[in-house]
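Peer 1:
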Amino acid sequence: MQDEVDRIATALAERIAPLVPGRDAPRRIVAMAGPPGAGKSTMAERTVSALVARGHAVVLMPMDGFHLDNRLLEPRGLLPRKGAPETFDFAGFAATLRRVREEPSVILPVFDRDREIAIAGAAEIRAETRLVVVEGNYLLLDEDPWRGLAPLWDLSIFLDVPMQELERRLVDRWLSYGFAPDAARDRAGSNDLPNAARVMAARARADLVVRDGALHPG
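Everything in the sequence shown is counted per UniProt numbering, starting at 1 for the first residue and increasing by one.
#1: Please check the pair Phe37 and Arg173, which I expect to be a contact at CB under 8 Å, by giving their CB distance rounded to whole angstroms.
#2: Buried or exposed for Ile8, going by 16 or more other Cβ atoms inside 10 Å?
#3: DSSP three-state label for Ala84, please.
#4: Residues in its own chain within less than 7 Å of Ala202 by CB, not counting five upstream and five downstream?
#5: Do Leu19 and Leu155 have their C-beta atoms closer together than 9 Å?
#6: How many whole angstroms separate the CB atoms of Arg101 and Leu175, which I take to be in contact at a CB cut-off of 8 Å?
#7: Let's test the definition: count the other Cβ atoms within 10 Å of the Cβ of Ile119 and tell me whether it reaches 16, buried, or not, exposed.
#8: Less than 6 Å between C-beta atoms, sequence neighbours within five positions excluded: which residues of the same chain meet that for Trp146?
#9: Return yes when the Cβ of Val110 is within less than 9 Å of the Cβ of Val59, no when it is not.
#10: Starting from Gly121, follow the beta strand (DSSP E) in both directions and report where the run begins and ends.
#11: Let me know the secondary structure DSSP gives Arg211 once reduced to three states.
#12: Look up Pro109 in the DSSP assignment and say whether it is helix, strand or coil.
#13: Cα separation between Val210 and Ala31?
#14: Alpha carbon to alpha carbon, how far is Leu208 from Val161? Give it in angstroms, no decimals.
#15: Quick check: the Cα distance between Glu124 and Ala183, rounded to an integer number of angstroms?
#16: As an exercise, report each continuous alpha helix (DSSP H) stretch of at least 4 residues that is fully enclosed by the segment 132-187, in chain order.
#17: Look up Arg101 in the DSSP assignment and say whether it is helix, strand or coil.
#18: In terms of residues, what are the limits of the alpha helix (DSSP H) holding Ala201?
#19: Alpha carbons only, please: which of Gly83, Asp114 and Leu159 is nearest the one belonging to Arg187?
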């Protein structure tokens, strides 16, 4: 599995590398989207590492830093749905993406999975960064307001994984956190899988699709 991820990440890096602009050109942004359990985080990290190894000034920007805090989700009745599209600060995320395009230095929040909180001011996109790979579930969601992100992407990539495989991975994820098998299935089925189905059913066209271990045109 690791060899396959590395192979695909190398192929993605080869497709992205020609987009990396020169020092005086506007910064570019690549979206890597897909349902929960698709392996976006690992694929994005490996792709960025492959680009950096080629000497490109590229960084990763996860969307997870824009999770709403539990103190806001609970009174809205959204805490059990944490991770769904409506549990993110979309306006803040979109505004930050526009700043990434236009401003030399941008400070970012980072999501701490151990504590399940977003930490403000925890990362920076520096002036020398020429391309940013953004990773998240809903970057290509064809619903308002998310579809409004489309003009920001210079290239969009979607990781397409069958629902049966997503279910297996998501249950395994909760098992790895120490949940009993029944509790792990309940956790995956109550939130993760509905979010995955939503992403798969309402995704906008991507420039590239990763499916069955290969790259395909969107």
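Glycine included, each C-beta is placed from N, C-alpha and C at the ideal position.
Peer 2: In this structure, then:
#1: Within the sequence shown, residue 37 is the residue found at index 37, counting from 1. Within the sequence shown, residue 173 is the residue found at index 173, counting from 1. It should be noted that the sequence gives Gly, not Phe, for residue 37. Confirmed, about 7 Å.
#2: In the sequence shown, residue 8 corresponds to position 8, counting from 1. Buried, since its Cβ has 16 or more Cβ neighbours within 10 Å.
#3: Translated into the one-based positions of the sequence shown, residue 84 becomes position 84. Of the three classes helix, strand and coil, the one that applies to Ala84 here is coil, per DSSP.
#4: As a position in the sequence shown, residue 202 is number 202, starting the count at 1. Excluding positions up to five away in sequence, the list reads Leu141, Asp142 and Glu143.
#5: Walking along the sequence shown from the start, residue 19 turns up at place 19. Walking along the sequence shown from the start, residue 155 turns up at place 155. Yes. Within cutoff.
#6: Translated into positions along the sequence shown, residue 101 becomes position 101. Translated into positions along the sequence shown, residue 175 becomes position 175. Going by Cβ atoms, the distance from Arg101 to Leu175 rounds to 40 Å, so no, they are not a contact pair.
#7: Walking along the sequence shown from the start, residue 119 turns up at place 119. Flag for Ile119 reads exposed.
#8: In the sequence shown, the residue the question calls residue 146 occupies position 146. Tyr138.
#9: Looking up residue 59 in the sequence shown gives position 59. Looking up residue 110 in the sequence shown gives position 110. In this structure, Val110 does not lie closer than 9 Å to Val59 by Cβ.
#10: Along the sequence shown, read from residue 1 onward, the residue named residue 121 stands at position 121. Run containing Gly121: Ile117 to Ile125, per the beta strand (DSSP E) assignment.
#11: For the purposes of this step, residue 211 is taken as the residue at position 211 of the sequence shown. Reduced to three states, the DSSP call for Arg211 is strand.
#12: One-based indexing of the sequence shown puts residue 109 at position 109. Pro109 falls in the strand class under three-state DSSP.
#13: As a position in the sequence shown, residue 210 is number 210, starting the count at 1. As a position in the sequence shown, residue 31 is number 31, starting the count at 1. Taking the straight line joining both Cα atoms gives about 13 Å.
#14: On the sequence shown, residue 161 is found 161 positions in, with the first residue counted as 1. On the sequence shown, residue 208 is found 208 positions in, with the first residue counted as 1. Straight-line Cα distance between these residues: approximately 14 Å.
#15: Here the question's residue 124 lines up with position 124 in the sequence shown. Here the question's residue 183 lines up with position 183 in the sequence shown. For Glu124 and Ala183, the distance between alpha carbons rounds to 37 Å.
#16: 163-176 and 181-187
#17: By one-based count along the sequence shown, residue 101 stands at place 101. In this structure, Arg101 counts as helix in the three-state DSSP scheme.
#18: Locating residue 201 in the sequence shown gives position 201, where the first residue counts as 1. Ala201 -> alpha helix (DSSP H) spans Leu193 to Ala201.
#19: For this step, residue 187 is matched to residue 187 along the sequence shown. When each option's Cα is compared against that of Arg187, the closest is Gly83.
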